[in-house]
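Q: Chains as they are written, first to last, in our numbering: chain F, 1208 to 1544; chain G, 3 to 238. Virtual Cβ for every residue (Gly too), placed ideally from N, Cα, C.
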Amino acid sequence: MTEFLATPIGTLILLVLETLAILVPLLVFVAYATWAERKVLGAMHLRKGPNVVGLFGLLQPFADALKMLMKETIIPAGANRALFLLAPVITFVLAMIAWAVVPVNDGWAVAKINVGVLYLFAISSLGVYGVIIAGWASNSKYAFLGAMRSAAQMVSYEVSIGFVMVSVLLCVGSLNLNDIVLAQRHVWFVIPLLPMFLVFFISGLAETNRSPFDLPEGESEIVAGFFVEYSSLAFGLFFLGEYANMFLMSAMTTILFLGGWLAPFGVEPFTWLPGPIWFLLKVFACMFVFIWVRGTLPRYRYDQLMRLGWKVFLPLSLFWLVLTAGVLMATGWVPRT
Amino acid sequence: MIATAAFYVFAAVLLGSAALVVSARNPVHSVLFLILAFFNAAGLFLLAGAEFLAMILVIVYVGAVAVLFLFVVMMLDIDFTRMREGIQRYAPVGATVGVILLVELASVFGSWQLLPQSASLRGAVAPGAVSNTAALGDLLYTHNVLLFQLAGLVLLVAMIGAIVLTLRARKASRRQDISRQVAQRVEDTLVLVKVGLGAAVTEAEFQRPLPEPAVAAAEPHGGGHGHGGTHAAEVR
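(1) Would you call residue 92/G buried or exposed, if buried means 16 or more other Cβ atoms sit within 10 Å of its Cβ?
(2) Where in the segment 1461–1490 of chain F do unbroken runs of the alpha helix (DSSP H), each at least 4 residues long, occur, reported from the N-terminal end onward?
(3) State yes or no: is the C-beta of residue 1312/F within less than 9 Å of the C-beta of residue 1486/F?
(4) Buried or exposed for residue 1237/F, going by 16 or more other Cβ atoms inside 10 Å?
(5) Against chain G, with Cβ distances strictly below 9 Å, would residue 1501/F count as a contact?
(6) Please report the distance separating the alpha-carbon of residue 1522/F from that of residue 1448/F.
(7) For residue 1/G, is the classification buried or exposed, using 16 other Cβ atoms within 10 angstroms of its Cβ as the cut-off for buried?
(8) Quick one: grab the DSSP three-state call for residue 231/G.
(9) State buried or exposed for residue 143/G, treating a residue as buried only when at least 16 other CB atoms are found within 10 Å of its CB.
(10) At least one CB of chain G closer than 9 Å to the CB of residue 1527/F: is that the case?
(11) How about residue 1331/F and residue 1212/F: are their beta carbons less than 9 Å apart?
(12) Taking the alpha helix (DSSP H) that residue 1548/F falls in, what are its first and last residues?
(13) Assuming residue 98/G is part of the alpha helix (DSSP H), what are its boundary residues?
(14) Applying the 10 Å Cβ sphere with the 16-neighbour rule, what's the burial state of residue 173/G?
(15) Within 9 Å of any Cβ in chain G, is that where the Cβ of residue 1343/F sits?
(16) Could you give the DSSP three-state label for residue 178/G: helix, strand or coil?
(17) Within 9 Å of any Cβ in chain G, is that where the Cβ of residue 1320/F sits?
(18) From residue 21/G to residue 66/G, what does the alpha carbon distance come to, in whole angstroms?
(19) Out of curiosity, what's the CA-to-CA distance linking residue 1216/F and residue 3/G?
(20) For residue 53/G, would you say it is in contact with chain F, using Cβ-to-Cβ distances shorter than 9 Å as the test?
(21) Got a sec: which bits of the segment 1327–1339 of chain F sit with their beta carbon under 9 Å from any beta carbon on chain G, in order along the chain?
(22) Quick check: residue 1379/F and residue 1524/F, are their CB atoms within less than 9 Å of each other?
(23) Measure the beta-carbon distance from residue 1243/F to residue 1290/F and round it to whole angstroms, keeping in mind my assumption that it falls under 8 Å.
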């Protein structure tokens, strides 16, 4: 068996199985994230949320998926056909391929590459393409407005995310995601780098176009923003992509700041749970905050959004980066690799 | 074997999309092909073992530069049929410049001499056990730190230059001044008066001061603000 796995075909089969092992649970989680979001928002509004299809409405995601599949795919007459159909595919594929490098436990990643953080950063910075192409290819005013807003927004917040990542990397001394988690054995980075954690999480909200930064969608002013012309499966791909991106942001927050698969404090009662469970619990906690924020805060105005990104987060993250570097140098804690 | 096949795929797609960048009719398609070309270049870097460079190429060029480029191309209302009019007239000049560059490159590479020992170093991006991120960092920040800083300074000067050239104060914009808003007290905006029977309130200055009169915009605002004029033209 092991000889077979060493052959090219065996390697390929193994790779496909590994990919499925991460994508299938991810898609199930994404489906149930939509259910959980409606339940949580319902509870915050003193409503029940979905409760008709199945026990506690648990079959609601499947009913929604079926509904989405049965609808007609409408392509507007003035749309650029190829790009119109390409955009949701880009969004969805980008949200999926980022998971190749995410370590769920010590060494449990499909691709253990040395520049894992850069890969995640690169993929998350590409997410804007699905949005821009969708907005432009729809040939519709509202869609285009949404796309323009999103392009400006995602590019602005990416800059602070980059600085936050660099300050984490300074404390680790490696770009490997596995090393980043292992460097948090003694103390999770959320404690020494608390302001960076907040900047990262809020920028993550902006990067995934979530409330209170969901201006690209802005259903009250520009209808539904960049995907106003989409229906059926094409819309479904955007929908799944958005939730998968939220999971990705939560996973990145978990890896960079919340100690990945490590149990809190690393002491007895907590270490009884295996690493992947801790990883999932932390990701779910972040997802809950995503939904919580949506249920709590009103949408930002566009100039306030830009001000927050460029005039508050950028100087703050730059200052904290210099401060981190200075403290590491002064105390001699610079990691040697 | 897989690496060789991947190399040829990346190289072929790179060249094909680079050709399409120049020849595509629609400027937005050109930019998208440019992005495809960047991706394939990143793939070639990966094959050569330069993983850091590959990722930086994607982050900087695809994630930032090309987004802004696409943004601008979509916003602009370029009439590409008119831009293409002069192409026959300027083609000889462009071809001459291209040929001169090609000859120069050929003369440089023709006189390139390789040491016999260097053959073993081919494809080795980083020396030995050092990861190539660390090797690059060592080279840039330790050995050539002054040159690196100088390059950064040049970029900074270019950036400030661009801002100085394009910045113009817009008097009419009603910018939000948060500190002023926070410092504002009730007395600044509101006057409470008790109006007696049959009396009138004369003081009526509790309203917000009107903004300064807008300076008439100097540049004429022509029509054609709709996006993607070329796009619509293509559909037709």
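A: Reading off the structure:
(1) exposed
(2) 1475–1478
(3) yes
(4) buried
(5) no
(6) 31 Å
(7) Absent from the model: residue 1/G. The displayed extent of chain G is 3 to 238, so no value can be given.
(8) Reliability fails at residue 231/G, whose pLDDT of 41 lies under 50, so the model's placement of it is uncertain and the value that follows must be treated cautiously. Residue 231/G falls in the helix class under three-state DSSP.
(9) exposed
(10) no
(11) no
(12) Because chain F in this structure spans residues 1208 to 1544, residue 1548/F falls outside the shown range and cannot be described.
(13) 89–112
(14) exposed
(15) yes
(16) coil
(17) yes
(18) 22 Å
(19) 14 Å
(20) yes
(21) 1328, 1329, 1330, 1331, 1332, 1333, 1335, 1336 and 1339
(22) no
(23) The Cβ separation is near 33 Å, so there is no contact.
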